[in-house]
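Accompanying notes for the structure given below.
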Amino acid sequence: MSRVRALASLLLTGALPAIGQVAARGDASVEAQVFGLVGSERVSVLCPGRAIRASEERIEELASGWQPLRSALGVGEIRCTGSAWQVRVAGGRPRPYDGTFLFRPLPDRTPESGTTRREARARRGSEVIFRTTLGAYVAGVLAAEHAGLTGQAAVALAQVIAHDARVERHPGRPLCDTTHCQVFLGTAAPTAEVTRALTLPELPTRAWLPYFRGGDEPWEVRRSRAEVRATLGDAQRLQGDGRTVEVTRASGVERVPCERVRAALRLPGCPIEGVFQEETVRLSGRGRGHGLGLDVEAARRSGLTAEDLLRRAYGLGP
């Protein structure tokens, strides 16, 4: 490694600015692929401190002020010393990203059959990688997925988020920042629940642990017959139980995973019923999400401990 590269490594991967007192596990580094769905060319960054870019052969200080992320990053790594990056996505409100952005080329990969364009983009990932602490990442995901969640339900969910941060969803790549993995919209200071979760033993499984918003709020949407047909074939009737959907066709009945239907038709949750009306289909259900794993809203109301919640959702624990 060259002296320049060694110095760059110290600057870019050294101790991050303090964003909350978390135990040693929370200080470990974690990476995520970011902005793959929206497109990194629509992202701007601002460093309130001193911005440094490092590549194989040089270290340079970046100009101050807002600038496109892709031009600032190039094919190296950029770090905002003394502060968190402020990030705007498509002209939106600034979000804090306390850590390092890295360029890492995407491998050639053929999209999976049966995926929509949006699903293909989400699963393809991003050439922009963000590195931060596990504590800041977990707190950020918790805020993005379930803002305001407290108590034992928050401890349980933080344990799951931290666990999933280490599970591969993109072969050879970090997690993405969309619902295909875990929604990550920037870092946050670890809450008391996150701090508590990261002092507990890691969950005893290598499997991906799903979770969903849940609840019992009713919803109803309409989709065209053509859209439903493109997803489910010549369906005549739909009925669901919150986890699977029973599709009735002239050729017979098939049960398919809820998430396949929910994602393809952009539904708030798992459909319980689908009523076919001429050229439209009226789909209805209760609650939000794919119906797998930890039901966060039910956990919030349950009064159970984090340990009991994880045992009920995943069969984990003594």
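Following our numbering, the residues of the sequence shown are numbered contiguously, the last one being 322.
Built from N, CA and C at the ideal position, the CB exists for glycine as well.
Sequence-distant residues of its chain with Cβ nearer than 7 angstroms to residue i (five each side left out)
| i | result |
| --- | --- |
| R253 | G237, D238, A239, Q240 |
| E221 | R290, G291 |
| Y318 | L213, G297 |
| Q163 | A201, L204, L207, A310, L314 |
| P178 | E35, A36, Q37, I133 |
| A94 | V42, R46 |
| W219 | First, the amino acid is wrong: residue 219 is Gly here, not Trp. For G219, where only same-chain residues beyond five positions count, the Cβ hits under 7 angstroms are G291, R292, E301. |
| S48 | W70, Q71, P72, L73, R92 |
| V145 | I165, Q186, V187, F188 |
| E283 | S228, R229 |
| G129 | Q37, G40, L110, H174, R177, C180 |
Counted within 10 angstroms of its Cβ, other Cβ atoms place residue i as buried (16 or more) or exposed
| i | result |
| --- | --- |
| P275 | buried |
| S33 | exposed |
| T195 | buried |
| Q281 | exposed |
| D102 | buried |
| S255 | exposed |
| T136 | buried |
| T79 | One point to set straight first is that residue 79 is Val, not Thr, in the sequence displayed. Flag for V79 reads exposed. |
| S75 | exposed |
| A234 | exposed |
| D181 | buried |
| A58 | buried |
| S228 | exposed |
| E131 | buried |
| G96 | exposed |
| Q25 | Any answer about Q25 is weak, because its pLDDT of 45 lies below 50 and its placement is not dependable; what the coordinates show is given next. Counting Cβ neighbours within 10 Å, Q25 comes out exposed, since fewer than 16 surround it. |
| V232 | buried |
| G340 | Residue 340 cannot be examined here, being either before or after the span of the chain that is shown, 5 to 322. |
Three-state secondary structure assigned by DSSP to residue i
| i | result |
| --- | --- |
| S306 | helix |
| G139 | helix |
| G244 | strand |
| H167 | helix |
| C51 | coil |
| A151 | coil |
| V42 | coil |
| A88 | coil |
| E35 | strand |
| S255 | coil |
| A211 | coil |
| E197 | helix |
| G144 | helix |
| A157 | helix |
| G96 | coil |
| A239 | strand |
| L106 | strand |
| G295 | coil |
| A76 | helix |
| A58 | strand |
Euclidean distance between Cα positions of residue i and residue j
| i | j | result |
| --- | --- | --- |
| A67 | A55 | 8 angstroms |
| E250 | L269 | 15 angstroms |
| V159 | G176 | 29 angstroms |
| G139 | V198 | 7 angstroms |
| R108 | C84 | 19 angstroms |
| G43 | F216 | 26 angstroms |
| E258 | E172 | 30 angstroms |
| P98 | G30 | 25 angstroms |
| V225 | A267 | 14 angstroms |
| A192 | G53 | 18 angstroms |
| Y141 | V285 | 40 angstroms |
| E64 | L106 | 15 angstroms |
| D112 | H174 | 13 angstroms |
| G246 | A303 | 17 angstroms |
| P272 | P261 | 15 angstroms |
| R264 | T248 | 9 angstroms |
| L320 | E60 | 45 angstroms |
| G307 | I165 | 20 angstroms |
| G244 | S288 | 10 angstroms |
| F39 | D312 | 35 angstroms |
| A88 | L161 | 25 angstroms |
| W223 | T183 | 20 angstroms |
Same chain, Cβ closer than 6 angstroms to residue i, neighbours up to 5 away in sequence not counted
| i | result |
| --- | --- |
| T309 | Q156 |
| L50 | W70, Q90 |
| H77 | According to the sequence provided, residue 77 is Leu. The question's His does not apply to it. F105, F107, listed in sequence order. |
| G278 | L242, V285, L287 |
Sequence-distant residues of the same chain with beta carbon closer than 8 angstroms to residue i, five excluded per side
| i | result |
| --- | --- |
| S214 | Per the sequence shown, residue 214 should be read as Pro rather than Ser. So the qualifying residues of the chain are H294, L296, G297, L298. |
| T104 | L16, T17, E81, I82, R83, F134, R135, T136 |
| R305 | none |
| R210 | V171 |
Residue-chain proximity (residue i, chain C), Cβ-Cβ < 9 angstroms
| i | result |
| --- | --- |
| L242 | No chain C appears in this structure, which consists of one protein chain only. |
Item to check | Cβ contact (3+ pairs, closer than 8 angstroms) linking the stretch 183 to 203 and the stretch 144 to 156 | outcome: yes
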